[in-house]
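Going down the list, the sequences are from chains X and P. Be aware that the first sequence starts at 1, since it is given in the numbering used here, and climbs by one per residue. Be aware that the second sequence starts at 337, since it is given in the numbering used here, and climbs by one per residue.
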Amino acid sequence: MDFLNGLVALSNFVLIPAMAYGSQLALGALGVTLIYGILRFSNFAHGDTMAFGAMVTVLVTWLFQSMGISLGPLPTALLALPFGILGTMALVLLTDRMVYKFYRDQKAKPVILVIVSMGVMFIMNGLVRFIIGPNDQKFADGERFIISVREFKAMTGLREGLAIKTTQGLTVVTAVIVVALLFWFLNRTRTGKSMRAYSDNEDLALLSGINPERVVMYTWLIVAALATVAGVLYGLDKTFKPFTYFQLLLPIFASAIVGGLGNPLGAIAGGFVIAFSEVTITYAWKKVLVYWMPESLEPSGLVQLMSTDYKFAVSFVILIIVLLFKPTGLFQGKSV
Amino acid sequence: MSDTMKNTLLFALVALLIIGTGIVQSWNTALFILNMGLISSIMALGVNLQWGFAGLFNVGVMGFVALGGLAVVLTSTDPVSEAWAAGGPRVLVALLTGAAVIVAAIVLQKRLKGRTRTLATVAVLIGGFVVYRFLFDPAVDAIEAVNPAVTGHLGGLGLPVLIAWPVGGLLAAGAAWMIGKTALGLRSDYLAIATLGIAEIIIAVMKNEDWMSRGVKNINGLPRPVPYEIDLQQSESFVQGAQSIGLDPVMASTLYVKLGYSLLFSAVLILIFVAAQLALHSPWGRMMRAIRDNEVASEAMGKNVTKRHLQIFVLGSAVCGIAGAMMTTMDGQLTPSTYNPLRYTFLIWVMVIVGGSGNNLGAVLGGFLIWFLWVQVEPMGLALMHMVTYGMAEDSGLRAHLIDSAAHMRLLTMGLILLLVLRFSPKGLIPEK
Chain X
1 MDFLNGLVAL
11 SNFVLIPAMA
21 YGSQLALGAL
31 GVTLIYGILR
41 FSNFAHGDTM
51 AFGAMVTVLV
61 TWLFQSMGIS
71 LGPLPTALLA
81 LPFGILGTMA
91 LVLLTDRMVY
101 KFYRDQKAKP
111 VILVIVSMGV
121 MFIMNGLVRF
131 IIGPNDQKFA
141 DGERFIISVR
151 EFKAMTGLRE
161 GLAIKTTQGL
171 TVVTAVIVVA
181 LLFWFLNRTR
191 TGKSMRAYSD
201 NEDLALLSGI
211 NPERVVMYTW
221 LIVAALATVA
231 GVLYGLDKTF
241 KPFTYFQLLL
251 PIFASAIVGG
261 LGNPLGAIAG
271 GFVIAFSEVT
281 ITYAWKKVLV
291 YWMPESLEPS
301 GLVQLMSTDY
311 KFAVSFVILI
321 IVLLFKPTGL
331 FQGKSV
Chain P
337 MSDTMKNTLL
347 FALVALLIIG
357 TGIVQSWNTA
367 LFILNMGLIS
377 SIMALGVNLQ
387 WGFAGLFNVG
397 VMGFVALGGL
407 AVVLTSTDPV
417 SEAWAAGGPR
427 VLVALLTGAA
437 VIVAAIVLQK
447 RLKGRTRTLA
457 TVAVLIGGFV
467 VYRFLFDPAV
477 DAIEAVNPAV
487 TGHLGGLGLP
497 VLIAWPVGGL
507 LAAGAAWMIG
517 KTALGLRSDY
527 LAIATLGIAE
537 IIIAVMKNED
547 WMSRGVKNIN
557 GLPRPVPYEI
567 DLQQSESFVQ
577 GAQSIGLDPV
587 MASTLYVKLG
597 YSLLFSAVLI
607 LIFVAAQLAL
617 HSPWGRMMRA
627 IRDNEVASEA
637 MGKNVTKRHL
647 QIFVLGSAVC
657 GIAGAMMTTM
667 DGQLTPSTYN
677 PLRYTFLIWV
687 MVIVGGSGNN
697 LGAVLGGFLI
707 WFLWVQVEPM
717 GLALMHMVTY
727 GMAEDSGLRA
737 HLIDSAAHMR
747 LLTMGLILLL
757 VLRFSPKGLI
767 PEK
């Protein structure tokens with residue numbers, strides 16, 4: 001019984017939150033990695049692209065809520081998501097036309113593109129704050145829990161409760177669907193194949209008649225969709241605040257690099273590696289260990305390896321370790 | 337138009353802008369812009385050393401600036417003797433133990449081979465962590481329990497605050513050396529992410545390690561290198577002097593203090609600028625630019641690229657640290673939660689790019705110009721919004737929203753300036769020769 005109680009506590013506080021967070025990071029990292037693979041630069045504006053997508057979705061959600069449209073137990077934001085994706089697609093295509101295309105035609109060095117993306121980051125950040133303001137916004141509605149602590153206790157008779165929030169379940173399910181769609185697209189469709197060809201070897205791809213502008217356009221469209229989904233899921237699960245999206249940049253990049261920049265499979269693995277390490281290292285293990293250790297050995301302190309504010313440090317340290325020992329990432333990434 | 341002529345005109349324009357602020361708004365604002373402009377210029381010089389001279393992409397400027405601020409606390413505040421008695425030595429021992437564990441792990445990594453290497457390193461790290469926490473935690477609790485409302489930290493060394501400036505440089509240099517050792521061999525994007533991360537970690541440490549910096553409880557009333565306004569207002573000779581030139585004593589005292597800072601900061605800026613200029617035109621500076629332009633060729637000429645990169649990374653970061661210490665001194669308080677990467681990292685980058693990367697004069701110009709815009713875009717945006725919404729109804733929601741949002745115009749403007757300069761004048765206002 002004690003073992004089960006410990007397991008439930010572990011799932012409740014570590015496994016389930018880490019699964020949800022990992023899915024969000026994976027979706028974000030997929031966007032970064034696709035840009036890196038096709039356009040060959042690290043996009044610093046990605047966090048703010050996510051914020052923009054989430055913002056459009058929040059605004060449309062509010063509109064639907066005021067019109068009385070809802071999805072019953074599911075959050076209305078799901079209904080607004082397609083509009084968010086469309087808005088973000090328009091924005092990134094516009095920035096590509098107005099900003100990035102010029103440097104692509106010039107064949108500018110990647111680092112110049114990174115600096116350009118810093119400028120785009122400023123503008124998108126300013127735009128989001130300008131439209132919706134810098135504060136927390138609530139837009140989650142519908143049923144809060146799939147299983148609440150009380151129901152779980154009544155169901156199993158265990159001392160520890162288990163809660164699964166709707167948003168957590170939704171995050172994982174959506175992430176699985178999105179990733180499946182993405183891989184189907186990349187592996188099965190003509191456009192997807194041409195994207196992979198372009199990413200593997202630009203010259204050969206051009207030689208076989210692949211239109212680079214078309215590849216770039218599709219990449220931006222996919223990245224916009226991924227960023228919006230990631231941004232909305234994160235906002236539903238936690239809260240929508242423009243600045244937190246900017247701060248997500250670090251764990252997202254860490255995920256993409258740990259998995260191997262340019263490798264979509266790696267981005268997903270990286271997202272979960274980072275999420276699980278962040279949550280396990282900043283979790284106070286006492287609650288679980290009380291059940292699992294014999295009474296004489298029970299810990300007196302919280303057994304928290306690091307305080308939660310150091311979660312950036314965790315992703316950073318993993319990043320450094322991977323870079324030092326396996327510079328191309330866990331899965332073979334690109335090294336330009 | 338010759339280059340000298342053009343540069344003089346550009347600087348004259350900036351001077352005019354600041355003097356204009358003095359006439360239109362107030363001289364206090366103008367001097368504030370001047371002082372922060374001086375500090376920004378120094379930071380821009382530091383980034384220019386790394387990016388302009390050597391092509392190193394450092395987006396962790398905020399971390400080094402914050403370390404400079406920490407140096408002010410550690411050098412110039414008075415030591416809290418009770419806290420030292422409660423756990424000072426133990427904290428020091430714990431920190432030394434932590435450092436020893438890391439060094440031991442690195443040595444093992446170098447000496448051993450194969451599976452024993454992995455096992456031994458992991459064992460040392462885990463064991464070391466337990467010992468470290470065993471020593472560290474009780475000491476920290478004891479220190480933080482000492483009068484938490486006022487102190488709750490170890491305090492500093494009680495030295496004159498001006499000494500904190502070079503100490504800030506040293507602290508930043510030390511951190512930069514450690515980062516450089518691990519991350520400089522990596523590609524440029526990786527270095528960018530690594531520095532971005534380290535800056536966040538430095539801020540996290542300053543927010544959480546209350547025994548050192550009081551964390552988010554902030555430290556107020558840091559010592560100053562210039563007199564206090566209130567003392568000046570009470571000194572008779574000062575009041576008479578102010579009245580004889582027709583100034584209100586209160587106003588005169590604030591201006592006097594700000595001018596004092598301006599002089600100090602100008603001295604530092606000139607010192608660093610001359611040093612950077614000499615470095616740029618020395619054989620060392622030429623070697624740096626050669627490495628930047630073609631690493632392989634420089635390596636073939638027998639230059640140690642990694643070592644040179646480390647050297648200039650440490651130097652540039654030290655300059656940022658000095659500027660950070662100066663800024664905290666002027667603010668008179670350390671507030672770790674106000675460090676924001678947009679303001680302290682990316683804005684400095686805008687300064688360097690707009691001014692002209694690779695040119696020290698450009699970095700200084702960029703520092704002043706962008707800082708001026710950063711301060712003034714807000715009132716300008718507000719005026720613009722009032723103009724745009726002039727025809728709208730008083731109680732219109734859109735009007736209120738637009739006027740409220742004017743404050744966020746500055747980020748938009750900075751992004752726009754950066755993109756426009758990169759597009760139409762990628763070498764900046766004063767290009768590298």
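Just so you know, even glycine gets a beta-carbon here, dropped at the ideal spot from N, CA and C.
Contacts that residue i makes with chain P (C-beta to C-beta distance below 9 Å)
i: G28/X; result: Those within 9 Å of G28/X in chain P number zero; the least Cβ separation is about 14 Å.
i: G271/X; result: Under the 9 Å cutoff, chain P gives no residues; its nearest Cβ is about 15 Å from G271/X.
i: A313/X; result: G533, E536, I537, A540, V541
i: G133/X; result: H737, D740, S741, H744
i: I257/X; result: D525, Y526, I529
DSSP-derived helix/strand/coil call for residue i
i: I581/P; result: coil
i: I147/X; result: strand
i: I766/P; result: coil
i: K238/X; result: coil
i: A612/P; result: helix
i: K165/X; result: strand
i: V336/X; result: Note on V336/X: pLDDT 41, under 50, position unreliable in the model; no value is reported.
i: Q247/X; result: helix
i: G388/P; result: helix
i: I555/P; result: strand
i: L444/P; result: helix
CB contact check: residue i to chain X, cutoff 8 Å
i: R759/P; result: yes
i: E768/P; result: no
i: H744/P; result: yes
i: T518/P; result: yes
i: L568/P; result: no
i: M750/P; result: yes
i: I689/P; result: yes
i: L705/P; result: no
i: L678/P; result: yes
CB contact check: residue i to chain P, cutoff 8 Å
i: P327/X; result: yes
i: P110/X; result: yes
i: Y291/X; result: no
i: Y310/X; result: yes
i: N125/X; result: yes
i: V377/X; result: Residue 377/X lies beyond the stretch modelled for chain X, which goes from 1 to 336, so this question has no answer here.
i: V303/X; result: no
i: F52/X; result: no
i: L330/X; result: no
Where residue i meets chain X, residues with beta-carbon distance less than 8 Å
i: W685/P; result: I115, M118
i: F682/P; result: M118, M121, F122
i: N544/P; result: S307, D309, Y310
i: F393/P; result: V111, V114
Per-residue contacts from residue i into chain P (C-beta, under 7 Å)
i: L323/X; result: L522, Y526
i: R129/X; result: H744, L747
i: V92/X; result: Simply none; closest approach about 15 Å.
Under 8 Å by beta carbon: chain P residues contacting residue i
i: F253/X; result: I529, L532
i: S42/X; result: D525, A528, I529
i: I38/X; result: Ordered by position in chain P, no residue passes the 8 Å Cβ test against I38/X, which lies about 15 Å from the chain.
i: L4/X; result: Ordered by position in chain P, no residue passes the 8 Å Cβ test against L4/X, which lies about 28 Å from the chain.
Interface residues of chain X facing residue i [CB-CB closer than 9 Å]
i: L755/P; result: M98, V99, V116, G119, V120, F122, I123
Checklist entry - Touch check for the segment 33-51 of chain X and the segment 113-120 of chain X: three-plus C-beta pairs under 8 Å? => result Judged by pairs of C-beta atoms under 8 Å, the segment 33-51 of chain X touches the segment 113-120 of chain X, as three or more such pairs exist.
Checklist entry - Contact between the segment 648-663 of chain P and the segment 371-389 of chain P: three or more CB pairs below 8 Å? => result By the Cβ test, the segment 648-663 of chain P is in contact with the segment 371-389 of chain P, since at least three Cβ pairs between them sit closer than 8 Å.
Checklist entry - Can you give, in chain order, each stretch of the alpha helix (DSSP H) that sits fully within the segment 104-151 of chain X and has at least 4 residues? => result As summarised for the segment 104-151 of chain X, the continuous alpha helix (DSSP H) elements at least 4 residues long and confined to that stretch are 110-132, given in chain order.
Next on the checklist: Between the segment 236-251 of chain X and the segment 96-113 of chain X, can you find at least three pairs of beta-carbon atoms closer than 8 Å?
Outcome noted: Between the segment 96-113 of chain X and the segment 236-251 of chain X, the count of Cβ pairs shorter than 8 Å is below three; the stretches do not touch.
Checklist entry - Hey, is the segment 70-79 of chain X in contact with the segment 22-33 of chain X, meaning 3+ C-beta pairs nearer than 8 Å? => result Below 8 Å, too few C-beta pairs join the segment 70-79 of chain X and the segment 22-33 of chain X to call them touching: fewer than three.
Next on the checklist: Extract the residue ranges of the beta strand (DSSP E) inside the segment 714-742 of chain P, only unbroken runs of 3 or more that lie entirely within it.
Outcome noted: Qualifying beta strand (DSSP E) stretches: none in this window.
Next on the checklist: Quick check: the segment 679-687 of chain P against the segment 354-374 of chain P, are at least 3 beta-carbon pairs closer than 8 Å?
Outcome noted: Too few Cβ pairs lie closer than 8 Å, so no.
Item to check | Given 8 Å, three or more beta-carbon pairs between the segment 552-564 of chain P and the segment 664-678 of chain P | outcome: Output reads yes: the segment 664-678 of chain P touches the segment 552-564 of chain P.
Checklist entry - Does the count of Cβ pairs from the segment 306-314 of chain X and the segment 659-666 of chain P closer than 8 Å reach three? => result Too few Cβ pairs lie closer than 8 Å, so no.
Next on the checklist: Restricting to runs no shorter than 3 residues, where is the beta strand (DSSP E) found entirely within the segment 273-335 of chain X?
Outcome noted: Within the segment 273-335 of chain X, no complete beta strand (DSSP E) run reaches 3 residues.
Next on the checklist: Taking 8 Å as the cut-off, does the segment 684-691 of chain P touch the segment 523-533 of chain P (at least 3 CB pairs, one atom from each stretch)?
Outcome noted: In short, these stretches do not touch, since the Cβ pair count stays below three.
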